[in-house]
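Shown next, in structure tokens, is the structure this report addresses.
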Amino acid sequence: QQFININWLPDATTLIADGFGVGTIDTIPVSGPADGSAVHAISPSGVNAQTCDLSPDGTTVAFYEGSHLAVMGVDGANLTMVSGLGGDPVAGMPPSWSADSSSLLIAEQTPDGGTQAAYVRVSTQAVTIVRADAQVVAW
């Protein structure tokens, strides 16, 4: 299995990544066997999780589930779909966390075929469009 969007968990012994083309968010022990037998899917069954990013505080992972932005704990608990977005995510562009782990910056496609950047406050799910014609986002 191939992994993309790889992040270190704060314990520095485990990685979290999305399984390329598999639709899972996985934890990978750094000292685990090379055969991949220690890889553990944390995304709930039936969720097609893609393009993840770990929050700076190491407690939450944001990802896309199809065309929806989702967040969940690094243990796979508390899955929340964020509503109020204006369009589909820009393919391959992961959400980007703020330094305080409270908000996300995302690039999304607009109904007219353009792109825009949106700021999402995770606790309230408030969405604010911050820039038109954005394809790459980072804090």
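In the working numbering, the protein residues as written are 975 to 1113. Virtual Cβ for every residue (Gly too), placed ideally from N, Cα, C. Since the structure is predicted, the reported quantities are computational estimates derived from the model, not experimental observations.
{"Item": "Own chain residues within Cβ distance below 7 angstroms of Gly-1040, not counting five before or after", "Value": "Asn-1022"}
{"Item": "CA nearest to the CA of Gly-1032, picked from Leu-1079, Ile-980 and Met-1055", "Value": "Ile-980"}
{"Item": "CA nearest to the CA of Ser-1019, picked from Leu-1053, Pro-1007 and Gly-1010", "Value": "Leu-1053"}
{"Item": "Straight-line gap, Leu-1078 to Met-1046 (C-alpha atoms, nearest Å)", "Value": "13 angstroms"}
{"Item": "Residue environment, Val-1096, which counts as buried when at least 16 other CB atoms sit within 10 Å", "Value": "buried"}
{"Item": "Best match in Ala-1081, Gly-1050, Val-1004 and Leu-983 for proximity to Thr-1102 [C-alpha to C-alpha]", "Value": "Ala-1081"}
{"Item": "Min CB distance Pro-1069 to chain C below 9 angstroms", "Value": "Within the model displayed, chain C is absent; a lone protein chain is all it includes."}
{"Item": "Sequence-distant residues of the same chain with beta carbon closer than 6 angstroms to Thr-988, five excluded per side", "Value": "Thr-1001 and Pro-1003"}
{"Item": "Where the beta strand (DSSP E) through Val-1094 begins and ends", "Value": "1089-1095"}
{"Item": "Uninterrupted beta strand (DSSP E) stretches inside the region 979-1058 (no shorter than 3 residues)", "Value": "988-993, 999-1003, 1023-1028, 1034-1039, 1042-1047 and 1054-1056"}
{"Item": "Rounded Cβ spacing between Ser-1075 and Thr-1034 (contact assumed at less than 8 angstroms)", "Value": "7 angstroms"}
{"Item": "Extent of the continuous beta strand (DSSP E) to which Ser-1077 belongs", "Value": "1077-1083"}
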